[in-house]
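> Take a look at this one; I'll ask things after.
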Amino acid sequence: MSEDRPTILIVEDEEELADTFARWLESDYKVIKVYSGEVALQTMSEDVDVVLLDRRLPDLSGGEVLERIRDAGYECRVAMITAVDPDFDILEMEFDDYVVKPVLQDDLFGIVERLLALQTYDEQVKQSFGLASKLAILESEKPSEELRSNEEYNERREELKKLREQIDSTLAGFEPDAFTIAYRDLGHGNEK
Amino acid sequence: MGIADEARIEEISASDTLLIAGPPMTGKYQLMLQLLASYCDQSIVISTKNQADRVRKDYRQFAGEVSDEYIGVIDCVSHRETINDVEETPSTKYVSSPQNMTGIGVKFTELYSRFHDDLDRGQTGVGLHSISQLLMHSDIKTVYQFLQVLTGQIRSAGWMGIAVVETAVTDDENLQMLQHHFDGIIETRENDAGQREYRIKGLTPSASEWREF
Chain A
21 MSEDRPTILI
31 VEDEEELADT
41 FARWLESDYK
51 VIKVYSGEVA
61 LQTMSEDVDV
71 VLLDRRLPDL
81 SGGEVLERIR
91 DAGYECRVAM
101 ITAVDPDFDI
111 LEMEFDDYVV
121 KPVLQDDLFG
131 IVERLLALQT
141 YDEQVKQSFG
151 LASKLAILES
161 EKPSEELRSN
171 EEYNERREEL
181 KKLREQIDST
191 LAGFEPDAFT
201 IAYRDLGHGN
211 EK
Chain B
204 MGIADEARIE
214 EISASDTLLI
224 AGPPMTGKYQ
234 LMLQLLASYC
244 DQSIVISTKN
254 QADRVRKDYR
264 QFAGEVSDEY
274 IGVIDCVSHR
284 ETINDVEETP
294 STKYVSSPQN
304 MTGIGVKFTE
314 LYSRFHDDLD
324 RGQTGVGLHS
334 ISQLLMHSDI
344 KTVYQFLQVL
354 TGQIRSAGWM
364 GIAVVETAVT
374 DDENLQMLQH
384 HFDGIIETRE
394 NDAGQREYRI
404 KGLTPSASEW
414 REF
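Taken in order, these protein sequences are the chains called A and B. Residue numbers for the first sequence follow our numbering, so the first one is 21 and each next one is one higher. Residue numbers for the second sequence follow our numbering, so the first one is 204 and each next one is one higher.
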């Protein structure tokens with residue numbers, strides 16, 4: 021995530037709808053809107069945090085766009101915009117969430133916020149694992165008396181403690197669906 | 204049977220997440236069930252070693268008569284996996300292998316919703332037996348991430364969580380990393396007289412003394 025506001029990419033060929041979504045979200049987020057799959061793929065970057073992706077686009081299907089985003093290695097969250105309630109076929113595809121049209125402004129914000137919380141959570145856990153590993157290595161290398169007076173060790177412990185409190189706070193806001201997504205994410209991006 | 208008489212332990216409260224760590228045959232599984240039965244009115248057990256029926260039977264040894272629906276089990280050992288949930292009941296879920304932590308998490312979330320929203324017997328506890336089985340099938344990073352979600356989910360509901368780990372087959376470094384997910388550690392051992400003992404670390408400033416159980 022970039023340091024300022026999160027970036028939302030809207031991919032929707034119904035231009036009026038795309039404009040409405042953008043207008044709603046612009047108050048809180050940086051918004052990019054495109055009207056086709058090809059342009060979406062050209063516009064994708066590391067800075068994009070959430071993609072709202074129409075299931076049916078004039079040039080590529082939403083599913084194809086999603087596949088190519090993932091193949092390119094982007095780890096953003098992607099929600100499918102669809103006019104029908106997701107059935108089993110759709111659930112096979114690896115979207116993180118669904119926006120079922122027509123959607124209310126509050127609901128759209130809810131979906132975006134939930135996906136951003138998952139992104140934040142991801143980054144926090146990666147950091148936490150890194151810190152915990154460093155601490156474990158120090159603990160295996162030095163006797164505990166030495167550790168107690170080691171400044172770097174104590175600072176890292178404090179850092180990890182604060183980070184863990186943030187993580188718990190993020191998780192405290194999760195609904196069951198968000199936990200399910202977090203479990204589905206397990207192992208993604210871990211080296212073999 | 205020391206601990207059964209005063210089943211509750213002074214330092215432990217019903218919303219703690221705990222790790223029971225020790226060598227084989229030092230009563231860890233028993234201690235996990237005992238604590239769940241003493242502090243909680245309904246429990247969910249994730250089992251990688253014993254089948255669902257066995258887990259319920261063992262739990263009832265400490266909890267007395269409790270109907271099946273209040274003892275949720277995620278059975279990762281029967282090697283059953285059904286797509287249309289024919290064999291699953293509202294309280295018994297199956298996952299094909301301990302390697303499938305995503306499956307465990309998804310099924311746990313189903314039980315989580317049920318126990319959180321529908322069942323109202325009182326405090327809920329969650330047991331995980333055992334982390335070592337998970338580590339046998341997956342790398343430490345993924346297990347660490349899984350435990351982060353699981354313990355975070357448990358804590359978000361104010362529930363009790365107890366996990367078991369075999370120290371004999373777990374790297375010290377891995378053990379150190381996983382400890383961060385828990386409020387306290389209960390270490391078990393067998394003393395020179397062949398008695399099982401435990402002590403508690405992390406819940407109070409210094410470790411407790413070793414106590415027989």
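Glycine included, C-beta positions come from ideal geometry on N, C-alpha and C.
1. Where does the unbroken alpha helix (DSSP H) through residue 142(A) begin, and where does it stop?
2. The alpha helix (DSSP H) with residue 90(A) in it runs from where to where?
3. Let me know if residue 377(B) comes out buried or exposed under the rule of 16 or more other beta-carbons within 10 Å of its beta-carbon.
4. Quick one: Cα of residue 182(A) to Cα of residue 129(A), how far?
5. Would you report the Cα separation of residue 45(A) and residue 242(B), rounded to the nearest angstrom?
6. Taking its Cβ as the centre, do 16 or more other Cβ atoms sit within 10 Å of residue 126(A), making it buried, or is it exposed?
7. Give a yes or no on whether 8 Å exceeds the smallest Cβ distance from residue 40(A) to chain B.
8. Can you give me the start and stop residues for the beta strand (DSSP E) that residue 27(A) sits inside?
9. Give me the Cα-Cα distance between residue 89(A) and residue 276(B), rounded to the nearest whole angstrom.
10. Spell out whether any CB of chain B is found under 8 Å from the CB atom of residue 135(A).
11. I believe residue 63(A) touches residue 52(A) by the beta-carbon criterion, under 8 Å. Please report the beta-carbon distance rounded to the nearest angstrom.
12. How long is the line joining the alpha carbons of residue 102(A) and residue 123(A), rounded to whole angstroms?
13. So, is residue 69(A) buried or exposed, given that buried needs 16 or more other C-beta atoms within 10 angstroms?
14. Going along chain A, which residues have a C-beta under 7 Å from residue 390(B)?
15. Is residue 366(B) helix, strand or coil by DSSP?
16. Whether or not the segment 363 to 382 of chain B and the segment 148 to 161 of chain A are in contact is what I'm after, with contact meaning three or more pairs of Cβ atoms, one per stretch, closer than 8 Å; do they touch?
17. Threshold first: 4 residues or longer. Then list the alpha helix (DSSP H) segments lying entirely within the segment 247 to 273 of chain B, N to C.
18. Counting only runs that start and end within the segment 383 to 410 of chain B, where is the alpha helix (DSSP H) found for 4 or more residues in a row?
19. Closer than 6 Å by C-beta to residue 204(A): which residues in its own chain qualify, once you throw out the five before and the five after it? Chain order, please.
20. Going by C-alpha to C-alpha distance, which of 331(B), 374(B), 348(B) and 372(B) sits closest to residue 247(B)?
21. Taking DSSP's pairing of strands, which residues face residue 50(A) in a bridge?
22. So residue 365(B) and residue 346(B) are in contact, right, with Cβ under 8 Å, and what is the actual spacing, rounded?
23. Tell me, to the nearest whole angstrom, how far the beta carbon of residue 401(B) is from that of residue 388(B); I am working on the premise that it is less than 8 Å.
24. Let me see if you follow: with CB-CB separation under 8 Å, is residue 52(A) close to chain B or not?
The relevant details are as follows:
1. 125 to 161 is the extent of the alpha helix (DSSP H) around residue 142(A).
2. In the DSSP assignment, residue 90(A) falls within the alpha helix (DSSP H) that extends over 82 to 91.
3. Buried: at least 16 other Cβ atoms inside 10 Å.
4. Rounded to the nearest whole angstrom, the C-alpha separation of residue 182(A) and residue 129(A) is 28 Å.
5. Their backbone Cα atoms lie some 46 Å apart in a straight line.
6. Around the beta-carbon of residue 126(A), fewer than 16 other beta-carbon atoms lie within 10 Å, marking it exposed.
7. For residue 40(A), not one C-beta of chain B is nearer than 8 Å to its own C-beta.
8. For residue 27(A), the enclosing beta strand (DSSP E) begins and ends at 27 to 31.
9. Rounded to the nearest whole angstrom, the C-alpha separation of residue 89(A) and residue 276(B) is 38 Å.
10. Contact with chain B is absent for residue 135(A), since none of that chain's Cβ atoms lies less than 8 Å from the residue's Cβ.
11. Their Cβ separation, rounded to whole angstroms, is 6 Å, which keeps residue 63(A) and residue 52(A) in contact under 8 Å.
12. Looking at the two C-alpha atoms, the distance is approximately 10 Å.
13. The residue in question, residue 69(A), is buried, as its Cβ has 16 or more Cβ neighbours within 10 Å.
14. By Cβ distance, chain A contributes nothing, its closest Cβ being about 15 Å from residue 390(B), past 7 Å.
15. Annotated three-state conformation of residue 366(B) is strand, per DSSP.
16. Short answer: they touch.
17. The segment 247 to 273 of chain B is shown to contain whole alpha helix (DSSP H) runs of 4 or more residues at 255 to 266, in chain order.
18. Whole alpha helix (DSSP H) segments, 4+ residues: zero.
19. So no residue of the chain qualifies.
20. The shortest Cα separation from residue 247(B) among 331(B), 374(B), 348(B) and 372(B) belongs to 331(B).
21. Looking at the DSSP output, residue 50(A) bridges to 27(A).
22. Actually they are not in contact, since the Cβ atoms of residue 365(B) and residue 346(B) sit about 17 Å apart, beyond 8 Å.
23. Not quite, the Cβ-Cβ distance comes to about 10 Å (not below 8 Å), so this is no contact.
24. Chain B has no Cβ within less than 8 Å of the Cβ of residue 52(A).
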